[in-house]
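*Asks:*
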Amino acid sequence: MFSAASRKSRIIGAVPNSFRRSCVWTTRHLSSKPIGSELEEYSDEILDDDGEWAGCSRKFMAPLRIAARGPDILVNPLFNKGTAFKSGERDRLRFRGLLPPRVSNLEKQKERILFTVRAEESAIKKNIILEDVHDRNETLYHRILVDHIEEMAPLIYTPTVGQACKEFGTRYRRPRGMYFCEEDRGHMAAMVYNWPASDVHVICVTDGSRILGLGDLGANGMGIPIGKLSLYCAAGGIAPHRVLPVVIDVGTDNEELLHDPFYLGVQEKRTKGPAYYQLVDEFMQAVKFRWPNCLIQFEDFSSDKAQKLLNKYRDEFLCFNDDIQGTGATTLAGVLGALRAKNEDVTSLGNQRILIAGAGSAGIGVATVLRDAMMEQGHSEEDAKNTFFVVDEKGLLGKERISE
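With UniProt numbering applied, the sequence shown covers 1 to 404.
#1: Check each candidate in N386, I356, G169 and name the one with the smallest Cα separation from P261.
#2: Specify whether the segment 142 to 150 and the segment 189 to 199 touch according to this definition: at least 3 beta carbon pairs, one from each stretch, less than 8 Å apart.
#3: So, V246 versus M188, is the Cβ gap smaller than 7 Å?
#4: Look at the alpha carbon of K308 and the alpha carbon of G162, and state the distance between them as a whole number of angstroms.
#5: Entirely within the segment 295 to 322 and at least 3 residues each: give me those beta strand (DSSP E) ranges in chain order.
#6: Return the CA-CA distance between V390 and T331, expressed in angstroms with no decimal places.
#7: Indicate the three-state DSSP secondary structure (helix, strand or coil) for E115 in the structure shown.
#8: Going by the beta-carbon positions, is the gap between R176 and I238 smaller than 7 Å?
#9: Look at D323 and A362 and say whether their C-beta atoms are less than 7 Å apart.
#10: Mapping the DSSP letters down to three states, classify V202 as helix, strand or coil.
#11: Taking C-alpha atoms, which residue in C204, T327, E121, H379 lies nearest to S348?
#12: Count the other CB atoms, across all protein chains shown, that sit within 10 Å of the CB of G218; report buried if there are 16 or more and exposed otherwise.
#13: Could you compute how far the alpha carbon of P101 sits from the alpha carbon of R90?
#14: Measuring alpha carbon to alpha carbon, tell me which of R185, F180, H201 ends up nearest G208.
#15: If we ignore side chains and look at the alpha-carbon of each, how far apart do L106 and N254 end up?
#16: What is the DSSP secondary structure of G36, reduced to helix, strand or coil?
#17: D249 to Y313, Cα distance in whole Å?
#18: Where does A286 land, buried or exposed, given buried means 16+ other C-beta within 10 angstroms?
#19: To the nearest angstrom, how far is it from the Cα of R210 to the Cα of D304?
#20: Measure the C-alpha to C-alpha separation of F317 and F115 and round it to an integer number of angstroms.
#21: Could you spell out the range, first to last residue, of the beta strand (DSSP E) harbouring Y179?
#22: Taking Cβ to Cβ, would you say L78 is nearer than 7 Å to H241?
#23: E150: which of A234, V103, R112, G334 sits nearest, CA to CA?
#24: To the nearest angstrom, how far is it from the Cα of N127 to the Cα of L336?
#25: What residue from S104, I73, A153, A333 has the CA that sits closest to R136's CA?
#26: Identify every residue that forms a DSSP beta bridge with D392.
#27: Grab the span of the beta strand (DSSP E) containing D249 for me, first residue to last.
#28: Can you give the beta carbon distance from T206 to D300, rounded, assuming they're within the 8 Å contact cut?
#29: Buried or exposed for R353, going by 16 or more other Cβ atoms inside 10 Å?
#30: Does the beta-carbon of A153, which I'm using as the reference point, lie nearer than 6 Å to any heavy atom of the ligand ADP?
#31: Sorted by chain position, which residues of the same chain lie with C-beta nearer than 7 Å to M375's C-beta, five sequence neighbours on each side aside?
#32: Please report the Cβ distance between C165 and I224, rounded to the nearest whole angstrom; I am assuming they are in contact, meaning their Cβ atoms lie under 8 Å.
#33: For L214 and G70, I'd like the C-alpha separation in whole angstroms.
#34: According to the Cβ coordinates, are V200 and L231 closer than 7 Å?
#35: Decide if H259 is buried, meaning its Cβ has at least 16 other Cβ atoms within 10 Å, or exposed.
#36: Span of the beta strand (DSSP E) holding A357?
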């Protein structure tokens with residue numbers, strides 16, 4: 001339920017202390033876990049299932065107080081409920097007549113979108129429909145993901161997101177996330193305050209240099225942080241207003257994008273060397289300045305940058321690299337499980353022979369995590385390294401290819 005702020009606060013922009021307290025209460029109490037489960041717990045503590053109280057309930061929550069009214073609510077995907085606004089809400093919020101008269105609850109809206117998505121055969125067209133919902137009604141979007149995560153995850157992330165990134169420039173409809181580039185040098189500490197949310201918990205950032213298996217897609221790589229954070233919200237329970245997708249646009253070496261009239265990123269060769277690291281460092285410091293407790297996830301950085309950035313910031317910032325650490329930890333768990341399935345002791349990890357296909361961030365990350373696990377089991381670093389064989393499209397990697 002929505003209720004408008006006082007007329008005085010709307011006119012002069014003042015924010016009464018009571019309004020601030022209410023917002024803080026709402027954030028703390030309604031975002032820590034799914035609303036439905038919280039209300040159900042509260043109800044069970046108070047009500048009896050039998051007797052004269054049967055059928056009664058006290059499932060309620062405090063209203064979300066906002067200053068916006070009319071179309072300003074309908075165009076804000078965090079507040080917009082689509083056709084679910086009831087008659088009283090349409091009067092109070094001044095958009096009676098701006099919506100079709102029939103009220104459709106969240107479940108009915110979800111059925112409508114699922115019908116449309118399932119009518120399409122192309123995965124990329126399904127992705128377009130879902131992202132359209134994302135841009136106008138985040139509540140509906142995440143409800144669809146939560147209820148149908150196995151069906152929807154491949155449509156909003158891998159493998160479909162790769163094609164969505166390639167078409168990012170031609171598909172662009174609405175801004176989402178933030179972009180930082182060379183022109184912003186010296187201004188990033190101020191720029192982060194352009195983002196409307198004051199309580200960002202997770203940032204997913206890429207420089208677009210190695211998007212999935214597609215290589216350098218530059219600013220088109222924004223589709224990756226958007227998709228990744230959608231999964232975090234749906235599967236991890238993070239509130240959508242507490243995530244921020246980011247692209248650090250340092251140019252692109254993709255010749256096709258350098259000559260693409262619809263490309264929206266910096267159409268210059270990639271910044272390299274100290275200038276690159278200085279730009280990333282300014283971004284990191286700016287984020288820490290405004291959101292000191294925010295988790296920063298490095299996503300799809302090229303292998304020559306990914307490990308260096310992680311080593312630089314892992315002890316100073318709350319950060320991680322999913323390609324290196326996430327993939328590595330998951331693979332280690334799988335390998336240890338495989339040893340148990342073979343009735344072998346997990347401490348025999350160093351006695352295995354491990355072949356890794358691909359020498360990118362993920363492949364090297366997997367090797368690093370497995371090597372560290374072997375060393376923790378008592379193997380020397382040299383012995384641990386000798387268990388690995390890494391191949392790429394040119395064949396086995398060895399000392400004779402060190403110049404590559």
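Backbone N, C-alpha and C define an ideal beta-carbon position, used for all residues, glycine too.
*Replies:* If we stick to the structure as given:
#1: Position 261 of the sequence shown holds residue 261. Nearest option by C-alpha distance: G169.
#2: no
#3: Residue 246 sits at position 246 when you count from the first residue of the sequence shown. Residue 188 sits at position 188 when you count from the first residue of the sequence shown. No, the Cβ-Cβ distance between V246 and M188 is not below 7 Å.
#4: Position 308 of the sequence shown holds residue 308. Position 162 of the sequence shown holds residue 162. Cα to Cα, K308 sits roughly 25 Å from G162.
#5: 295 to 298, 319 to 321
#6: Stepping through the sequence shown from its first residue, residue 390 is reached at position 390. Stepping through the sequence shown from its first residue, residue 331 is reached at position 331. The straight-line gap from Cα to Cα measures roughly 15 Å.
#7: Along the sequence shown, read from residue 1 onward, the residue named residue 115 stands at position 115. The displayed chain sequence assigns Phe, not Glu, to residue 115. If DSSP states are grouped into helix, strand and coil, F115 belongs with the helices.
#8: The residue labelled residue 176 in the question sits at position 176 within the sequence shown. The residue labelled residue 238 in the question sits at position 238 within the sequence shown. Going by C-beta atoms, R176 is not nearer than 7 Å to I238.
#9: In the sequence shown, residue 323 corresponds to position 323, counting from 1. In the sequence shown, residue 362 corresponds to position 362, counting from 1. By the CB criterion at 7 Å, D323 and A362 fall inside the cutoff.
#10: Here the question's residue 202 lines up with position 202 in the sequence shown. Note: V202 maps to strand in three-state DSSP.
#11: For the purposes of this step, residue 348 is identified with residue 348 of the sequence shown, where counting begins at 1. Proximity to S348 across C204, T327, E121, H379 peaks at H379, based on C-alpha coordinates.
#12: One-based indexing of the sequence shown puts residue 218 at position 218. Buried, because 16 or more other Cβ atoms sit within 10 Å of the Cβ of G218.
#13: As a first step, residue 101 is located in the sequence shown; it is residue number 101 there, counting from the start. As a first step, residue 90 is located in the sequence shown; it is residue number 90 there, counting from the start. Distance between the alpha carbons of P101 and R90: 10 Å.
#14: Position 208 of the sequence shown, counted from the first residue, corresponds to residue 208. Cα-wise, what sits closest to G208 is F180.
#15: In the sequence shown, the residue the question calls residue 106 occupies position 106. In the sequence shown, the residue the question calls residue 254 occupies position 254. Whole-angstrom Cα-Cα distance: 43 Å.
#16: The count along the sequence shown starts at 1 and reaches residue 36 at position 36. Because the pLDDT of G36 is 39, which lies under 50, any placement of that residue in the model is unreliable, and the number read from its coordinates should be weighed accordingly. Correct three-state label for G36: helix.
#17: Position 249 of the sequence shown, counting from 1, holds the residue named residue 249. Position 313 of the sequence shown, counting from 1, holds the residue named residue 313. Their Cα atoms are separated by approximately 19 Å.
#18: In the sequence shown, the residue the question calls residue 286 occupies position 286. The residue in question, A286, is buried, as its Cβ has 16 or more Cβ neighbours within 10 Å.
#19: For the purposes of this step, residue 210 is taken as residue 210 along the sequence shown, with counting starting at 1. For the purposes of this step, residue 304 is taken as residue 304 along the sequence shown, with counting starting at 1. Their backbone Cα atoms lie some 10 Å apart in a straight line.
#20: Stepping through the sequence shown from its first residue, residue 317 is reached at position 317. Stepping through the sequence shown from its first residue, residue 115 is reached at position 115. Using only the alpha carbons, I get a separation of about 44 Å.
#21: The count along the sequence shown starts at 1 and reaches residue 179 at position 179. Looking at the DSSP string, the run of the beta strand (DSSP E) that includes Y179 is 178 to 181.
#22: Sequence index remark: in the sequence shown, residue 78 carries index 78 (1-based). Sequence index remark: in the sequence shown, residue 241 carries index 241 (1-based). Yes.
#23: Along the sequence shown, one-based indexing puts residue 150 at 150. Checking every option, the nearest Cα to that of E150 belongs to A234.
#24: For this step, residue 127 is matched to residue 127 along the sequence shown. For this step, residue 336 is matched to residue 336 along the sequence shown. Answer to the nearest angstrom: the Cα atoms are 36 Å apart.
#25: Locating residue 136 in the sequence shown gives position 136, counting from the first residue. When each option's Cα is compared against that of R136, the closest is I73.
#26: The residue you call residue 392 lines up with position 392 of the sequence shown. Per DSSP, G395.
#27: Taking the sequence shown and counting its residues from 1, the one referred to as residue 249 is at position 249. 243 to 249 is the extent of the beta strand (DSSP E) around D249.
#28: In the sequence shown, residue 206 corresponds to position 206, counting from 1. In the sequence shown, residue 300 corresponds to position 300, counting from 1. About 5 Å; that satisfies the 8 Å criterion.
#29: Taking the first residue of the sequence shown as 1, we reach residue 353 at position 353. Result: exposed.
#30: Inclusion of the ligand ADP in the displayed structure is not the case, the ligand content being empty and no account of it being possible.
#31: Translated into positions along the sequence shown, residue 375 becomes position 375. Apart from sequence neighbours up to five positions away, the residues of its chain that approach M375 with a beta-carbon distance below 7 Å are E381, A384, ordered along the chain.
#32: Taking the first residue of the sequence shown as position 1, residue 165 is located at position 165. Taking the first residue of the sequence shown as position 1, residue 224 is located at position 224. So it is a contact: roughly 7 Å between Cβ atoms.
#33: The residue labelled residue 214 in the question sits at position 214 within the sequence shown. The residue labelled residue 70 in the question sits at position 70 within the sequence shown. Their backbone Cα atoms lie some 43 Å apart in a straight line.
#34: For the purposes of this step, residue 200 is taken as the residue at position 200 of the sequence shown. For the purposes of this step, residue 231 is taken as the residue at position 231 of the sequence shown. Cβ atoms of V200 and L231: not closer than 7 Å.
#35: As a working mapping, residue 259 is identified with position 259 in the sequence shown. H259 is exposed by the Cβ-count criterion.
#36: Here residue 357 corresponds to residue number 357 of the sequence shown, with the count starting at 1. Here the beta strand (DSSP E) through A357 covers 354 to 357.
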